[in-house]
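Protein chains in written order, with our numbering: chain A, 22 to 126; chain B, 32 to 198.
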């Protein structure tokens, strides 16, 4: 049986790959996908904790409800974020972060 | 058996996730992310969270990634041109990620409580959909309503953002 540590390390690796994507990639859409990956890593560790810390013989369903909320909020976030990317593209004809430096110090 | 499934799907998930960062073509990145999410759903199923696994496939691998692909094709994004990499920034990013990961692995492995064998579930017949529904509508009814309001305002926000002229 895989232990909690297995799942936590898998979730940590997924989070690190997402973080690497956010830091290293320059296309705003790929950065956004990497953000989704980091959210999913958090979901994996939540579900792993819910399975390994039982409440009276069942999984801790509070954690699974929290995952449900995270997925709902992430769906809303994706919709708004992609709409912002589309209007940004309309204004600037680019999705490359180095060309979008108006707010840069 | 469960251990083999864990290793198979975890490896698949991490390989496809690495593909998202490494591929240059945005459509390949999106398809790779879809596969990564499906493997993650399988990992949820090995954790006896069937409902969350199904939601993961329906909402993430289905709806969210279709939206991503739709936007990629709408904007007609090509393979991004090879630009000169800022070497210091790249090295710094890899250093940050590697130190984060090594610290996390060391912390997880140093706690013996996290390596205990998985406790067995009591009474295999309880469907998790029912229990999630009970928890959702008993303890989390107000947050549930708040998520409804959030989704509505997100929809309105998207419509406002997509208008031709922003004033």
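Idealized CB from N, CA, C, for every residue including glycine.
Keep in mind that this is a model prediction, so the values were computed, not measured.
Straight across, the Cα-Cα distance linking residue 84 (chain A) with residue 115 (chain B) is about 44 Å. Pairing residue 30 (chain A) with residue 76 (chain B) gives a Cβ-Cβ distance that is not under 8 Å. Taking 8 Å as the cut-off, the Cβ atoms of residue 175 (chain B) and residue 37 (chain A) do not count as close. Taking a contact as a CB-CB distance under 8 Å, the pair residue 35 (chain A) and residue 165 (chain B) does not count as one, their CB atoms being some 30 Å apart. Excluding five sequence positions before and after residue 99 (chain B), the CB atoms of its chain that fall closer than 6 Å to its own CB belong to 61, given in chain order.
The count of Cβ pairs closer than 8 Å, one atom from the stretch 50-70 of chain B and one from the stretch 119-126 of chain A, stays below three, leaving the stretches out of contact. Per the C-alpha coordinates, the member of A:92, A:109 and A:73 positioned closest to residue 27 (chain A) is A:73. Contact of residue 106 (chain A) with chain B is assigned, a C-beta pair being separated by under 8 Å.
With respect to the 8 Å criterion, residue 40 (chain A) and residue 128 (chain B) are classified as neighbours on the basis of their beta carbons.
Counting other Cβ atoms within 10 Å of its Cβ, residue 134 (chain B) stays below 16 and is therefore classed as exposed. By the Cβ criterion, the stretch 52-72 of chain A is in contact with the stretch 66-73 of chain B, since at least three pairs of Cβ atoms, one from each stretch, lie closer than 8 Å. With respect to the 8 Å criterion, residue 41 (chain B) and residue 74 (chain B) are classified as neighbours on the basis of their beta carbons.
Distance check between residue 24 (chain A) and each of B:144, B:81 and B:86 places B:144 closest, using alpha-carbon atoms only.
Minimum Cα-Cα distance from residue 119 (chain B) among the listed residues A:91, A:80, A:98 and A:45 corresponds to A:45.
Using a Cβ-Cβ cut-off of 8 Å, residue 63 (chain A) does not count as an interface residue toward chain B, since no Cβ of chain B sits closer than that to its own.
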